[in-house]
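This report refers to the structure that appears directly beneath it.
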Amino acid sequence: MISVNNNAKLLNGIVSIERDYISYFGKEFAIDYEHLYKESFDDRLSQLCSSLHHQLVEALKILNDSINGGKHFWAGPSRDLIKAISLSNRFVNNLKNSGENIVIVEYYDKVLKKCNDFLSSSFGSSVPDNMMEVEIYYELPIFETSAVVQLPNNSLQKFQLKPVGNGSYASVFSYFDENYNKLFALKRASKTIAPKDLERFYLEFDTMKKLNSPYILEVYSIDKKKNEYVMEYADATLLKYITTHNQKLTFEERKSLCNQIIKGFEYLAEKNILHRDISPNNILIKQYEDAKIIKIADLGNVKLSDSILTSLDTEIRGTFNDYSGLQRVGYSNYNFYFEGFALSKLLYFVLTGRYKDFTKFEYSNLEKFINKGTNPNINQRFSNIHELKIAFSLIKPK
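Under UniProt numbering, the sequence shown has 203 at position 203, and the numbering climbs by one with no breaks.
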C-alpha cells in the first residue's frame, strides 16, 4: 500500500495538489470512487484518487454528450477537464518521483492524451470527428499501481499486476507470465475482509479446484498467507462482451453462447451445486482464435449440501435473483426454481442484450420460455436444468 507517512517529499507534493484541487473545484473532496483505491493507497491518497477520478468522469460525460451532439465542448467543461488532466499527471509524477510505480491505466492514458490535443481553455473546444465516445469507468480504477506477485513455487521471479476489477470482498488482477507466455489472473481478498467472507473465499477456491469443465473457470494455486489465488485469465465479463458487441452478434452466435452456459450449469447440477449468484458479471468470456468460450466464475456463494456456510447464509446475492421470492422462503432454501429464474434472465440477456426489460420478444417461443422461467408461482417454473434446456432449444428466429 502506498502511503504519505514518513515521506516528506511525497507529502509536500500531495499537499500542493490538494490545495490546487480545492482552489479550482471547490472545498470538498469527492469520495464516490474511494472504494476503488483503498487496496492500493492510504486514506489520504485514496481520497485524492477518488476526487481526481470524479472530476475526470464528470467532464468526460459532458464530452460524450458533445461527441453525440454538435461536436462543441463548452468552455467551462473544457477548462475542468484540462485542470483534472493536469492535476492527475502531477499526482502520478509526484508518486513516481518518490519511488512509487503508479500509472494512469492504458485506456484512459490514451484518451486523456488525445483530449489534450484539442482542448482549449477559451471559447470551448472543437471535438475532432474521429473522437470516439469515452467509456466511463464507474467500477474500474483510473490510477493503478504496478504491484507484483510472487508465485508460491519457490521461484524468485515476480510479475507485474494490473487491476481488472473489484468485488464485494476481493480484487482481481492480471499478469503476464513469460515462462508460459500467457496471461493469468490473481484474485486477492480485501485486507478488511470479514471472517465469514474469507471462509467463502476459500470455499470458492476449493469448489472450483474440484471441478473440471471447459465452461468453469480454472483455478491453480492458493496462498493462504496472502489470501490470494491464481486462476485462468478470461478476456471479458459477459456483460461487457454482449453490450460491446450487441449490434453485431447474430442469433446463431448468441444461441451458441447460451448453449455453453446451459452446459456449464448442467455440469454444476451433476455435482449437486447451485451457483446462487448468477449475474452477467459472474460469467466470463475467453476468446480464442477460432472460438469464444463461456467461463462460469465466482462460485463463492454456491449451495453445497454439506456446507455450514450455506445453512447459515441469509444475505441474498445475484443480479438476476428472485429477491421477493427468496425473502419469503429464506435464502437457505434456495433451489433450482430460483436458479432457473436467474438463469432464464441471463439467457434472455444474451439473446437480446437487455437485462432490465424482459417484456420484448423478438424470437419464437422466447416469451413462453421467460414466462415459465420467471413465473410468479414458484412451483410453475423449471424444476431442473434439463427441463430448461429443452424449452430453450425451441427458441428460434421468427
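Glycine included, C-beta positions come from ideal geometry on N, C-alpha and C.
Closest by C-alpha distance to residue i, when choosing among the options
i, options, result
"I272", "E133, Y334, K225 and L52", "Correcting the residue identity first, residue 272 is Asn in this sequence and not Ile. Of the listed residues, the one whose Cα sits closest to N272 is Y334."
"F73", "S213, L60, A84 and L351", "L60"
"Y241", "F369, I283, F361 and I193", "I283"
"K396", "S256, L161 and L56", "S256"
"N379", "K356, Y337 and R354", "Y337"
"A189", "K196, K110, S171 and S40", "S171"
"D117", "F123, P128, Y108 and Y107", "P128"
"A8", "I142, F143, N321 and N97", "N97"
"T192", "G353, E39, F29 and L388", "E39"
"T250", "F369, T352, K210 and V219", "T352"
"N377", "G325, L239, N6 and A75", "G325"
"A269", "L238, L211 and F173", "L211"
"T237", "K292, I222, E253 and E58", "K292"
"E252", "D322, Y363 and N6", "Y363"
"S213", "Q327, Y267 and L140", "Y267"
"F123", "K196, K398 and G76", "G76"
Span of the alpha helix (DSSP H), counted from its first residue to its last, around residue i
i, result
"T359", "Premise fails: T359 is in no alpha helix (DSSP H) and is neither H nor E."
"T207", "P195 to K210"
"E270", "F251 to E270"
"L87", "A75 to N97"
"S66", "D43 to N68"
Spatial neighbours of residue i in its chain, beta-carbon cut-off 7 Å, leaving aside the 5 residues before and after
i, result
"L394", "N365"
"S121", "S78, R79 and I82"
"D32", "S50 and H54"
"Y21", "S51 and L87"
"R381", "Y337, G340, F341, K372, G373 and N375"
"E367", "F361"
"F25", "Q55"
"S126", "K71, H72 and F118"
"N154", "Low confidence applies here, because N154 scores a pLDDT of 43, under 50, leaving its location unreliable; read the following figure in that light. Hits under 7 Å: none found."
"Y355", "P280 and F349"
"L239", "P280 and N281"
Cβ shell of residue i (< 6 Å), same chain only, five flanking positions each side left out
i, result
"G167", "none"
"C258", "L347 and V350"
"E133", "N64 and I67"
"I14", "V4"
"R44", "V4"
"I17", "L87, R90 and F91"
"G165", "V172"
"G345", "Correcting the residue type first, residue 345 is Lys in the shown sequence and not Gly. Here the set comprises F320."
"L156", "Because the pLDDT at L156 is just 38, under 50, the model does not fix this residue reliably, and the point stays unresolved."
CB-CB length for residue i against residue j, believed under 8 Å
i, j, result
"M208", "L198", "M208 to L198, Cβ: 16 Å. No contact."
"F159", "F176", "7 Å"
"K102", "L95", "According to the sequence as given, residue 102 is Ile; it is not Lys. Between L95 and I102 the Cβ distance is about 5 Å, and since that is below 8 Å, they are a contact."
"E204", "L299", "5 Å"
"D357", "K286", "So it is not a contact: roughly 29 Å between Cβ atoms."
"Y37", "S46", "4 Å"
"Q260", "Y215", "6 Å"
"K114", "M131", "7 Å"
"F320", "I294", "Between I294 and F320 the Cβ distance is about 16 Å, and since that is not below 8 Å, they are no contact."
"I136", "I104", "With 8 Å as the limit, I136 and I104 do not qualify as a contact, their Cβ atoms being about 15 Å apart."
"F392", "I262", "7 Å"
Neighbourhood of residue i by C-beta, 8 Å cutoff - its chain only, sequence neighbours within 5 removed
i, result
"F265", "H275, I296, E339, L343 and I385"
"E100", "I2, L10 and T145"
"A194", "Y169"
"D42", "M1, I2, S3, V4 and N5"
Residue range of the unbroken beta strand (DSSP E) whose run includes residue i
i, result
"I222", "V219 to D223"
"K187", "K182 to A189"
"I296", "K292 to I296"
"N114", "The amino acid at residue 114 is misidentified as Asn; the sequence shows Lys. Per DSSP, K114 belongs to no beta strand (DSSP E); it is in the alpha helix (DSSP H), E106 to F118."
"Y241", "Segment L238 to H245 is the alpha helix (DSSP H) holding Y241; no beta strand (DSSP E) there."
"S171", "A170 to D177"
"L284", "I283 to Q287"
"F143", "F143 to T145"
"Y229", "E228 to E232"
Any non-hydrogen atom of the ligand ADP within 7 Å of residue i CB
i, result
"T352", "This structure simply doesn't include the ligand ADP, nor any ligand for that matter."
Is it a yes or a no for the stretch 258 to 275 touching the stretch 225 to 237, going by three-plus beta-carbon pairs under 8 Å? No, the stretch 258 to 275 does not touch the stretch 225 to 237.
Validate contact between the stretch 181 to 188 and the stretch 242 to 250 using beta carbons, cut 8 Å, 3 pairs: Verdict: no, contact absent.
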